[in-house]
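Colleague: Dumping the structure here so I can ask a few things about it.
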Amino acid sequence: MRRRKVPAAVDTLRSGPPELRRAVVALSLTQLVSWGVLYYAFAVVAPAMAREPGWSITTVGAAFSLGVLVSGLSAPAVATLLGRFGPRAVMTAGAVLTIVATTLWASAPSLLMLYLAWALIGAAMAATLYEPAIVVLTLLDSVRMRRAIAYVTVAGGLASTVFVPLTSALVAAFGWRVAVAVLGGGGAVITGMLYVWCLPQRVGEQTSKPSSQPTTSTRRLRLPYMLEQASGVAVTALVVTMLIARGVDPYVAGLVLAASGVGKVVGRLLISGRVGRASPEMLASVAAVSQALAVTAMLVTASAPWLLIAGFASGAAAGTVSVLRPVILSGYVPLHAFASASARMQMWTTFARAAGPLVVAGTASYAGWVWAWTVVAGGLVAAAVAYAALKSIYGCRA
Numbered sequence: 000m001r002r003r004k005v006p007a008a009v010d011t012l013r014s015g016p017p018e019l020r021r022a023v024v025a026l027s028l029t030q031l032v033s034w035g036v037l038y039y040a041f042a043v044v045a046p047a048m049a050r051e052p053g054w055s056i057t058t059v060g061a062a063f064s065l066g067v068l069v070s071g072l073s074a075p076a077v078a079t080l081l082g083r084f085g086p087r088a089v090m091t092a093g094a095v096l097t098i099v100a101t102t103l104w105a106s107a108p109s110l111l112m113l114y115l116a117w118a119l120i121g122a123a124m125a126a127t128l129y130e131p132a133i134v135v136l137t138l139l140d141s142v143r144m145r146r147a148i149a150y151v152t153v154a155g156g157l158a159s160t161v162f163v164p165l166t167s168a169l170v171a172a173f174g175w176r177v178a179v180a181v182l183g184g185g186g187a188v189i190t191g192m193l194y195v196w197c198l199p200q201r202v203g204e205q206t207s208k209p210s211s212q213p214t215t216s217t218r219r220l221r222l223p224y225m226l227e228q229a230s231g232v233a234v235t236a237l238v239v240t241m242l243i244a245r246g247v248d249p250y251v252a253g254l255v256l257a258a259s260g261v262g263k264v265v266g267r268l269l270i271s272g273r274v275g276r277a278s279p280e281m282l283a284s285v286a287a288v289s290q291a292l293a294v295t296a297m298l299v300t301a302s303a304p305w306l307l308i309a310g311f312a313s314g315a316a317a318g319t320v321s322v323l324r325p326v327i328l329s330g331y332v333p334l335h336a337f338a339s340a341s342a343r344m345q346m347w348t349t350f351a352r353a354a355g356p357l358v359v360a361g362t363a364s365y366a367g368w369v370w371a372w373t374v375v376a377g378g379l380v381a382a383a384v385a386y387a388a389l390k391s392i393y394g395c396r397a
């Protein structure tokens, strides 16, 4: 089966429907806040959480992995709810759930309560992060989807740049529990209001019930998606911990993660321009190799400037692929089935995203961070090979 040719998004969003423009603005702001609160804040507070009695970096990392797992398993339900109730109701409910979940996280007296909190955070992720936002943008205007997704994910890429130093400052001043409570409550109020004011009640025609029969084409996408996301999530969740363990100043380690956010913005901006007109499969392959080189560089230097460059390069590569994944998928399924196909793909990649931090953290515990980071680099190289193979199999470009 050959890829369906996707029209190039050559027009500006200004010429698109007003619903699309409002959605792009609102989702850009909400992705910035939601990724900062539900995702990047964890990397900053994890070392402090691991110092709680009876907790360790492995058990704390397991909470994050549980959240990622629940997020993916919730994807089909969220796709169904989007078709039945529309994005405004579903994403607003996700914001409300964020308040409940982060309050439990901040007050968790035990690992059991921590895991319960992160299970709820996973459900909130499924209802508020990129996947539902991308479905909304795609169904509002499939012609301009690449540019709209790039703009929204640029804002999401800034989340680490904004929220890593903000979270670090709150943790230093008040402790990790207060930091989580403040970020969760404040962030959810902001995003909830934007969902209510700016998102449409309904979007275009879509399949509300995910099909259980994926095509051969979409099955071939699983391997590169799973390898790349497992490695990328492990880098984001554990890079600060890895660098601190290697003797890097915690402030510098946080700046490396923040630099990756700047890199994601640059990568996504490049994809929205002329670079993005090349084969998305080949671009994804080049990006995965580039990220493998960047994370390897983090092992061979302790110099702050070089670490910041490596963090920037890693983020740029990851940001590029985050835009390309839905673009590649949209070329293999009809538009009305995009939500259900995206939900199925998210279910598969979730297992890899949940396993990534666990495997890398476990490797670090038993063999050290050099071997752990080697596993990350190897996963990215394998993803690059798999993306390149897609190009050779289908021999077609968007």
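Quick note: the sequence shown uses numbering that gives the first Met the number 0, first residue 0, plus one each step. All residues carry an ideal CB built from backbone N, CA and C; glycine is no exception. Given the structure is predicted, the values throughout are model-derived calculations rather than measurements.
In three-state terms, what does DSSP make of E227?
Modeller: Reduced to three states, the DSSP call for E227 is helix.
Colleague: According to the neighbour-count rule (16 or more other Cβ atoms, all chains shown, within 10 Å of its Cβ), is S106 buried or exposed?
Modeller: Result: exposed.
Colleague: Cα separation between R219 and L389?
Modeller: Distance between the alpha carbons of R219 and L389: 8 Å.
Colleague: Does the Cβ of W104 have 16 or more other Cβ atoms within 10 Å, making it buried, or fewer, making it exposed?
Modeller: Buried, because 16 or more other Cβ atoms sit within 10 Å of the Cβ of W104.
Colleague: What is the C-beta distance between S70 and G121, in whole angstroms, given that I count them as a contact (C-beta under 8 Å)?
Modeller: Correct: roughly 4 Å between the Cβ atoms.
Colleague: Beta-carbon separation of A62 and I56 under 7 Å?
Modeller: Going by C-beta atoms, A62 is not nearer than 7 Å to I56.
Colleague: What residue from E227, V234, A229 has the CA that sits closest to A257's CA?
Modeller: Taking only the C-alpha atoms, the option nearest A257 is V234.
Colleague: For a test of the three-state rule: what should DSSP assign to V142, helix, strand or coil?
Modeller: Coil.
Colleague: Assess, as a yes-or-no matter, whether the segment 305-325 is touched by the segment 19-37 under the definition of 3 or more beta carbon pairs within less than 8 Å.
Modeller: The answer is no - the segment 305-325 does not touch the segment 19-37, with fewer than three Cβ pairs under 8 Å.
Colleague: If you run the structure through DSSP and keep just helix, strand and coil, what is Y331?
Modeller: Reduced to three states, the DSSP call for Y331 is coil.
Colleague: Once you ignore the five residues that flank L65 on each side, which residues in its own chain have a CB closer than 8 Å to its CB?
Modeller: Hits under 8 Å: Y114, W117, A118, G121, A353.
Colleague: Mapping the DSSP letters down to three states, classify S27 as helix, strand or coil.
Modeller: DSSP places S27 in helix when its eight states are reduced to three.
Colleague: Measure the Cβ-Cβ separation of T101 and V179 and say whether it is below 7 Å.
Modeller: Yes, the Cβ-Cβ distance between T101 and V179 is below 7 Å.
Colleague: Where V285 and A383 are concerned, what is the direct C-alpha to C-alpha distance, given to the nearest angstrom?
Modeller: Rounded to the nearest angstrom, the two C-alpha atoms are 7 Å apart.
Colleague: Say whether the segment 260-270 touches the segment 312-320, bearing in mind that this needs 3 or more beta-carbon pairs closer than 8 Å, one atom from each stretch.
Modeller: Yes, since at least three Cβ pairs between the segment 260-270 and the segment 312-320 fall closer than 8 Å, the two stretches touch.
Colleague: Closer than 8 Å is the cut-off here; do at least three beta carbon pairs connect the segment 154-170 with the segment 16-34?
Modeller: Cβ pair count under 8 Å is three or more, so yes.
Colleague: What would DSSP say about P131, mapped onto helix, strand or coil?
Modeller: Three-state DSSP puts P131 in a helix.
Colleague: Enumerate in chain order the residues of its own chain whose CB-to-CB distance from Y224 is below 6 Å, with the five nearest sequence positions on each side excluded.
Modeller: Answer for Y224: T348, listed in chain order.
Colleague: In angstroms, rounded to a whole number, what distance separates the CA positions of V247 and A291?
Modeller: Cα to Cα, the separation comes out at about 21 Å.
Colleague: Given that a residue counts as buried once 16 or more other Cβ atoms are within 10 Å of its Cβ, and exposed if not, what is P279?
Modeller: It is buried - the Cβ of P279 has at least 16 other Cβ atoms within 10 Å.
Colleague: Look at A149 and I243 and say whether their C-beta atoms are less than 7 Å apart.
Modeller: In this structure, I243 does not lie closer than 7 Å to A149 by Cβ.
Colleague: Could you spell out the range, first to last residue, of the alpha helix (DSSP H) harbouring V36?
Modeller: Unbroken run through V36: none, as it is neither H nor E.
Colleague: Determine the burial state of G93: buried for a count of at least 16 other Cβ atoms within 10 Å of its Cβ, exposed for fewer.
Modeller: With 16 or more Cβ atoms within 10 Å of its Cβ, G93 is classed as buried.
Colleague: Three-state secondary structure (DSSP) at R245?
Modeller: It is coil, neither helix nor strand.
Colleague: Put L198 into one of helix, strand or coil per three-state DSSP.
Modeller: L198: coil per DSSP, three-state reduction.
Colleague: Can you tell which of T127, A40, A385, R21 has the C-alpha that lies nearest to the C-alpha of R221?
Modeller: Answer by Cα proximity: A385.
Colleague: Within a Cβ cutoff of 6 Å, which residues of the same chain sit near Q345, ignoring the five residues on either side of it in sequence?
Modeller: Result list for Q345: G71, A74, E130, in chain order.
Colleague: Since A40 contacts T166 with CB under 8 Å, what's their CB separation in whole angstroms?
Modeller: Right, their Cβ atoms sit about 5 Å apart.
Colleague: Assuming contact is defined by CB atoms lying nearer than 7 Å, are L138 and A147 in contact in what I supplied?
Modeller: No, Cβ-Cβ distance for L138 and A147 is not below 7 Å.
Colleague: Within the continuous alpha helix (DSSP H) that includes E280, where are the two ends?
Modeller: It spans 279-299 - the alpha helix (DSSP H) in which E280 sits, taken as one unbroken run.
Colleague: If you count every other CB in all the chains shown that lies within 10 Å of the CB of G266, and 16 or more means buried, which is it?
Modeller: Under this definition G266 is a buried residue.
Colleague: Mapping the DSSP letters down to three states, classify T367 as helix, strand or coil.
Modeller: Residue identity check: residue 367 is Gly in the sequence provided, not Thr. In this structure, G367 counts as coil in the three-state DSSP scheme.
Colleague: Classify S109 as helix, strand or coil using the three-state DSSP reduction.
Modeller: Looking at S109 - three-state DSSP - the assignment turns out to be coil, as it is neither helix nor strand.
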